[in-house]
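Colleague:
There are 2 protein chains.
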Amino acid sequence: MATGRTHRPATRSRGIPEATVARLPLYLRALTALSERSVPTVSSEELAAAAGVNSAKLRKDFSYLGSYGTRGVGYDVEYLVYQISRELGLTQDWPVVIVGIGNLGAALANYGGFASRGFRIAALIDADPAQTGKQVAGLPLRHSDELEAIVAANQVSIGVIATPAGAAQEVCDRLVAAGVTSILNFAPTVLSVPDGVDVRKVDLSIELQILAFHEQRKAGEEQPASAARPARGQRPGTDGDVPAVMPA
Amino acid sequence: MATGRTHRPATRSRGIPEATVARLPLYLRALTALSERSVPTVSSEELAAAAGVNSAKLRKDFSYLGSYGTRGVGYDVEYLVYQISRELGLTQDWPVVIVGIGNLGAALANYGGFASRGFRIAALIDADPAQTGKQVAGLPLRHSDELEAIVAANQVSIGVIATPAGAAQEVCDRLVAAGVTSILNFAPTVLSVPDGVDVRKVDLSIELQILAFHEQRKAGEEQPASAARPARGQRPGTDGDVPAVMPA
DNA sequence: CCATCTTTGTGCACACGTTCACAAAGACAT
DNA sequence: ATGTCTTTGTGAACGTGTGCACAAAGATGG
Ligand SMILES: NC(=O)c1ccc[n+]([C@@H]2O[C@H](COP(=O)([O-])OP(=O)(O)OC[C@H]3O[C@@H](n4cnc5c(N)ncnc54)[C@H](O)[C@@H]3O)[C@@H](O)[C@H]2O)c1
Ligand SMILES: NC(=O)c1ccc[n+]([C@@H]2O[C@H](COP(=O)([O-])OP(=O)(O)OC[C@H]3O[C@@H](n4cnc5c(N)ncnc54)[C@H](O)[C@@H]3O)[C@@H](O)[C@H]2O)c1
Numbered sequence: 007m008a009t010g011r012t013h014r015p016a017t018r019s020r021g022i023p024e025a026t027v028a029r030l031p032l033y034l035r036a037l038t039a040l041s042e043r044s045v046p047t048v049s050s051e052e053l054a055a056a057a058g059v060n061s062a063k064l065r066k067d068f069s070y071l072g073s074y075g076t077r078g079v080g081y082d083v084e085y086l087v088y089q090i091s092r093e094l095g096l097t098q099d100w101p102v103v104i105v106g107i108g109n110l111g112a113a114l115a116n117y118g119g120f121a122s123r124g125f126r127i128a129a130l131i132d133a134d135p136a137q138t139g140k141q142v143a144g145l146p147l148r149h150s151d152e153l154e155a156i157v158a159a160n161q162v163s164i165g166v167i168a169t170p171a172g173a174a175q176e177v178c179d180r181l182v183a184a185g186v187t188s189i190l191n192f193a194p195t196v197l198s199v200p201d202g203v204d205v206r207k208v209d210l211s212i213e214l215q216i217l218a219f220h221e222q223r224k225a226g227e228e229q230p231a232s233a234a235r236p237a238r239g240q241r242p243g244t245d246g247d248v249p250a251v252m253p254a
Numbered sequence: 007m008a009t010g011r012t013h014r015p016a017t018r019s020r021g022i023p024e025a026t027v028a029r030l031p032l033y034l035r036a037l038t039a040l041s042e043r044s045v046p047t048v049s050s051e052e053l054a055a056a057a058g059v060n061s062a063k064l065r066k067d068f069s070y071l072g073s074y075g076t077r078g079v080g081y082d083v084e085y086l087v088y089q090i091s092r093e094l095g096l097t098q099d100w101p102v103v104i105v106g107i108g109n110l111g112a113a114l115a116n117y118g119g120f121a122s123r124g125f126r127i128a129a130l131i132d133a134d135p136a137q138t139g140k141q142v143a144g145l146p147l148r149h150s151d152e153l154e155a156i157v158a159a160n161q162v163s164i165g166v167i168a169t170p171a172g173a174a175q176e177v178c179d180r181l182v183a184a185g186v187t188s189i190l191n192f193a194p195t196v197l198s199v200p201d202g203v204d205v206r207k208v209d210l211s212i213e214l215q216i217l218a219f220h221e222q223r224k225a226g227e228e229q230p231a232s233a234a235r236p237a238r239g240q241r242p243g244t245d246g247d248v249p250a251v252m253p254a
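First to last, the protein sequences are chains A and B.
One rule links them: number in this note's numbering = place in the first sequence (from 1) + 6.
One rule links them: number in this note's numbering = place in the second sequence (from 1) + 6.
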């Protein structure tokens, strides 16, 4: 997951809980799959299984949207797809710019699941003049100088940053100044933005470190009896590795 | 964020809260930057600012690791780097395999922040025989047939999946059968894994949808002056209220 | 050795998220 | 109509995470 809400304090007003919002896309994906198989209705139990969550949670999540199910039957697939799409704002088109078209930026530009929901790539922007004009994913690379003009002309409100970390804050500032109010950041930096701008981040390295933590824990827990695998982990049981020094 | 913990129920034993674990890499990154600038000590206030969190939260997080600060002074940078690294299991080397070396897989393989922490790419694996042997990021692509052998030979416990969604579950099953117990999944699918295996996921599309939700909310809130009816958070312009049909 | 000042570590209260468990809504058959 | 059966929607209990606010630890200076 990603991230930092620099937005409003709470959501108790017309509020769908943040945790619920984060799961709606998951439900939507599962429902879309059912829809493609022409399944007419689905129970909370089935859908929950498909989305990898527990059914009580799913029902509570849906209850924040309204009462869209039918007791004894379940949920109408098409109807739910529509309701969730509307709630997420996917019934409209969101123009998006991607800044920093290197290895990662190009992969993102080629990502199908991008356009499949209402997201449209308005432009691919890179600072390297040598790249300008080159085509990536069928779109021409535009130079950073044009950033402000592109954002304004297309009314872009969502920006994706895939530049090196060092350039991320500057790019962010320019995007925000030009009118972008939501940013998805792939660079490993903390971005600071004014109130009213949302930032979410994706960081491979952080995800791996979290996995490593649990991995180490698993290794350290290994049944002392059957030394299954001499995992590279720390020694088990004993937590007492008193480490190095505590300098002055 | 991302994820499904299919691991243990809770962590009440030697437990560092999950939310804290997820922030440790962030602190570590900030500390590493300070370390490179030879800053000897840092206060919770300063470090919190650098990591983008609130200082009380940071102090509480650190308190789960032990009492590593000095009142009136702050935290010793080098010492904290060591303690957090140890806690996250980064003092050891973690061999990782990436499966599915297309646009995204190649970008991940080239990612510097990979090796910079203790993660080492043990192998890049792809199913396409035409690609086998080609070099990506200085490593030769290996064919999927070798997956099991590679995992076993390198004692790989962390796998990254960057294949198309359709292949993800099968790849996951093979990784798990071969001994992998932590998976980072970039394919837009829910993976099912046995107990004891951790899965984290990264999904661009989901992140964008979450941003779109808040974006829509912001637009719908625009000082509507008078005719404001706080009905179903619709955007300003098109007031296409009242949805379609509710089928039988 | 004492006073003062800074900054940690944490008790506490509250907000948020999850799960259980069940009343009641509706479908459907008779 | 009435009864049975399925499955929703949600109250209530519990667990986890956040942030305030402050006592106490230690540095530093006289
Ligand atoms: N989140 C993740 O999982 C993940 C994975 C891999 C890489 N990354 C990060 O993504 C970023 C990009 O990685 P990459 O491998 O594609 O790097 P890259 O070097 O291949 O690409 C960076 C691109 O950004 C462009 N650029 C540089 N400064 C710019 C500016 N000011 N304005 C516009 N464009 C600019 C460069 O011309 C280049 O094309 C890096 O920060 C990297 O650390 C993140
Ligand atoms: N999470 C994100 O933000 C994000 C972004 C872009 C793409 N994606 C996803 O990542 C995945 C890869 O995207 P991509 O653009 O690199 O696609 P791609 O088609 O360029 O690459 C897929 C690669 O996987 C290989 N492959 C297919 N089946 C395989 C198997 N069974 N075993 C091993 N390798 C196999 C293919 O040969 C190909 O090289 C897709 O699922 C895509 O939806 C995710």
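Think of the CB as a built atom: it goes at the ideal place given N, C-alpha and C, for glycine as much as any other residue.
1) Output yes if chain B places a C-beta closer than 7 Å to the C-beta of A:Arg206; else output no.
2) Contact check, B:Val102 vs B:Val203 under 8 Å by CB: the rounded distance?
3) Does the beta-carbon of A:Ser232 have 16 or more other beta-carbons within 10 angstroms, so that it is buried, or is it exposed?
4) Sort out for me which residues DSSP pairs A:Ser188 with in a bridge.
5) What does B:Glu221 reach in chain A if we use C-beta pairs closer than 9 Å?
6) Just to confirm before moving on: does the CB-CB distance between B:Thr195 and B:Ala171 stay below 7 Å?
7) Beta strand (DSSP E) containing A:Pro170: first to last residue?
8) Tell me whether A:Thr138, by its Cβ, gets closer than 6 Å to a heavy atom of ligand 1.
9) Hey, does A:Glu176 have any beta-carbon neighbour from chain B nearer than 7 Å?
10) Given a threshold of 16 other Cβ atoms within 10 Å of its Cβ, counted over all protein chains shown, does B:Thr76 qualify as buried or as exposed?
11) Report yes or no: is there a C-beta of chain A within less than 7 Å of the C-beta of B:Pro31?
12) Is A:Ile104 close to chain B, meaning its C-beta is less than 7 Å from at least one C-beta of that chain?
13) Can you name, in chain order, every residue of its own chain whose Cβ lies under 8 Å from the Cβ of A:Gln175, other than the five neighbours on each side?
14) Can you list the alpha helix (DSSP H) stretches of 4 or more residues lying completely in the stretch 97–168 of chain A, in chain order?
15) Taking the alpha carbon of B:Leu214 as the reference point, which residue from A:Phe192, A:Pro200, A:Ala133 has its own alpha carbon closest?
16) Tell me whether B:Pro31 is buried or exposed, calling it buried when 16 or more other Cβ atoms sit within 10 Å of its Cβ.
17) For a contact meaning CB atoms closer than 7 Å, what does B:Asn109 contact in chain A?
18) What residues in the stretch 58–74 of chain B have a beta carbon less than 7 Å from any beta carbon of chain A?
19) Could you tell me whether any non-hydrogen atom of ligand 4 is closer than 6 Å to the CB of A:Asp151?
20) What's the call for B:Gly78, buried or exposed, on a 16-neighbour Cβ count within 10 Å?
21) I'd like to confirm something about A:Val177: is its beta-carbon nearer than 6 Å to some heavy atom of ligand 1, or not?
22) Once you ignore the five residues that flank A:Glu93 on each side, which residues in its own chain have a CB closer than 8 Å to its CB?
23) Going by alpha carbons, who is nearest to A:Val162 out of A:Asp151, A:Asp132, A:Gly139, A:Phe125?
24) DSSP state of B:Asp209, grouped into three classes?
25) Measure the alpha-carbon distance for B:Leu114 versus A:Ser73 and round it to whole angstroms.
26) Using a Cβ-Cβ cutoff of less than 6 Å, which residues in the same chain neighbour B:Arg65 once the five nearest sequence positions on both sides are dropped?
27) Under the three-state reduction of DSSP, which class applies to A:Gly21: helix, strand or coil?
28) Just the Cα atoms here: how many angstroms apart are B:Ala225 and B:Ala218?
29) Taking its Cβ as the centre, do 16 or more other Cβ atoms sit within 10 Å of B:Glu221, making it buried, or is it exposed?
30) Since A:Ile276 and A:Val142 should fall inside the 8 Å C-beta cutoff, what is the C-beta to C-beta distance between them, to a whole number of angstroms?
31) Tell me whether B:Lys288 is buried or exposed, calling it buried when 16 or more other Cβ atoms sit within 10 Å of its Cβ.
32) Report the three-state DSSP secondary structure of A:Ala233 (helix, strand or coil).
33) So, are the CB atoms of A:Val87 and A:Val48 less than 7 Å apart?
34) Could you work out which residues of chain A lie near B:Lys140, taking near to mean beta carbons separated by less than 9 Å?
35) Is the beta carbon of A:Ala133 less than 7 Å from the beta carbon of A:Ser150?
Modeller: With the structure as the only source:
1) Here the question's residue 206 of chain A lines up with position 200 in the first sequence. So yes, A:Arg206 belongs to the interface.
2) Locating residue 102 of chain B in the second sequence gives position 96, counting from the first residue. Locating residue 203 of chain B in the second sequence gives position 197, counting from the first residue. No, B:Val102 and B:Val203 are not in contact; Cβ-Cβ is about 15 Å, not under 8 Å.
3) The residue labelled residue 232 of chain A in the question sits at position 226 within the first sequence. For A:Ser232, the predicted model reports a pLDDT of 41, less than 50, meaning its position is unreliable; a value from the coordinates is still stated below. Burial call: exposed.
4) Taking the first residue of the first sequence as 1, we reach residue 188 of chain A at position 182. A:Ser188 pairs with A:Ile164, A:Asp204.
5) What you label residue 221 of chain B is simply residue 215 of the second sequence in a count that begins at 1. Ordered by position in chain A, the residues that pass the 9 Å Cβ test against B:Glu221 are Gly95, Trp100, Ser163, Ile164, Thr187, Ser188, Asp204.
6) Locating residue 195 of chain B in the second sequence gives position 189, where the first residue counts as 1. Locating residue 171 of chain B in the second sequence gives position 165, where the first residue counts as 1. Yes; because the gap between Cβ atoms is below 7 Å, this pair is in contact.
7) Against the first sequence, residue 170 of chain A aligns to sequence position 164. That residue, A:Pro170, is in no beta strand (DSSP E); it is neither H nor E in DSSP.
8) Along the first sequence, one-based indexing puts residue 138 of chain A at 132. No, ligand 1 has no heavy atom inside 6 Å of this Cβ.
9) Numbered from 1 along the first sequence, position 170 holds the residue referred to as residue 176 of chain A. Cβ-Cβ to chain B under 7 Å: no for A:Glu176.
10) The residue labelled residue 76 of chain B in the question sits at position 70 within the second sequence. The residue in question, B:Thr76, is exposed, as its Cβ has fewer than 16 Cβ neighbours within 10 Å.
11) Locating residue 31 of chain B in the second sequence gives position 25, counting from the first residue. It does: the Cβ of B:Pro31 has a partner Cβ on chain A nearer than 7 Å.
12) By one-based count along the first sequence, residue 104 of chain A stands at place 98. So no, A:Ile104 is outside the interface.
13) In the first sequence, residue 175 of chain A corresponds to position 169, counting from 1. If we look at A:Gln175 and ignore the five residues flanking it on each side, its Cβ neighbours are Thr195, Leu197, Ser198.
14) 109–116, 118–122, 153–160
15) The count along the second sequence starts at 1 and reaches residue 214 of chain B at position 208. Among A:Phe192, A:Pro200, A:Ala133, the Cα nearest to that of B:Leu214 is on A:Phe192.
16) Along the second sequence, read from residue 1 onward, the residue named residue 31 of chain B stands at position 25. Classification of B:Pro31: buried, given that the 10 Å Cβ count is 16 or more.
17) Numbered from 1 along the second sequence, position 103 holds the residue referred to as residue 109 of chain B. Under the 7 Å cutoff, chain A gives Ala112, Ala113, Asn116.
18) Gly58
19) Among the ligands in the structure shown, ligand 4 does not appear; only ligand 1 and ligand 2 can be found there.
20) If you number the second sequence from 1, residue 78 of chain B lands on position 72. Result: exposed.
21) Here residue 177 of chain A refers to the residue found at position 171 when the first sequence is read from its first residue. Yes, ligand 1 has a heavy atom inside 6 Å of this Cβ.
22) On the first sequence, position 87 is the one that residue 93 of chain A refers to. Cβ neighbours of A:Glu93 beyond the five flanking positions: Ile22, Leu30, Leu71.
23) Position 156 of the first sequence, counted from the first residue, corresponds to residue 162 of chain A. The candidate whose alpha carbon is nearest that of A:Val162 is A:Phe125.
24) Along the second sequence, one-based indexing puts residue 209 of chain B at 203. Coil, per DSSP.
25) One-based indexing of the second sequence puts residue 114 of chain B at position 108. One-based indexing of the first sequence puts residue 73 of chain A at position 67. Rounded to the nearest angstrom, the two C-alpha atoms are 43 Å apart.
26) Counting from 1 along the second sequence, the entry for residue 65 of chain B is found at position 59. Excluding positions up to five away in sequence, the list reads Ser50.
27) Taking the first sequence and counting its residues from 1, the one referred to as residue 21 of chain A is at position 15. A:Gly21: coil per DSSP, three-state reduction.
28) In the second sequence, the residue the question calls residue 225 of chain B occupies position 219. In the second sequence, the residue the question calls residue 218 of chain B occupies position 212. Computed Cα separation, rounded: 10 Å.
29) Mapped onto the second sequence, residue 221 of chain B falls at position 215. With 16 or more other Cβ atoms within 10 Å, it is buried.
30) Outside the shown range of chain A, which is 7 to 254, sits residue 276 of chain A, and nothing can be said about it.
31) Given a span of 7 to 254 for chain B in the structure shown, any question on residue 288 of chain B remains unanswerable.
32) Walking along the first sequence from the start, residue 233 of chain A turns up at place 227. For A:Ala233, the predicted structure reports a pLDDT of 39, less than 50, and the residue's modelled location is therefore unreliable. The matter cannot be settled from this model.
33) Counting from 1 along the first sequence, the entry for residue 87 of chain A is found at position 81. Counting from 1 along the first sequence, the entry for residue 48 of chain A is found at position 42. In this structure, A:Val48 does not lie closer than 7 Å to A:Val87 by Cβ.
34) Position 134 of the second sequence, counted from the start, is the residue given in the question as residue 140 of chain B. Per Cβ cutoff of 9 Å: no residues; B:Lys140 is ~16 Å from chain A at best.
35) If you number the first sequence from 1, residue 133 of chain A lands on position 127. If you number the first sequence from 1, residue 150 of chain A lands on position 144. Result yes, Cβ atoms of A:Ala133 and A:Ser150 sit closer than 7 Å.
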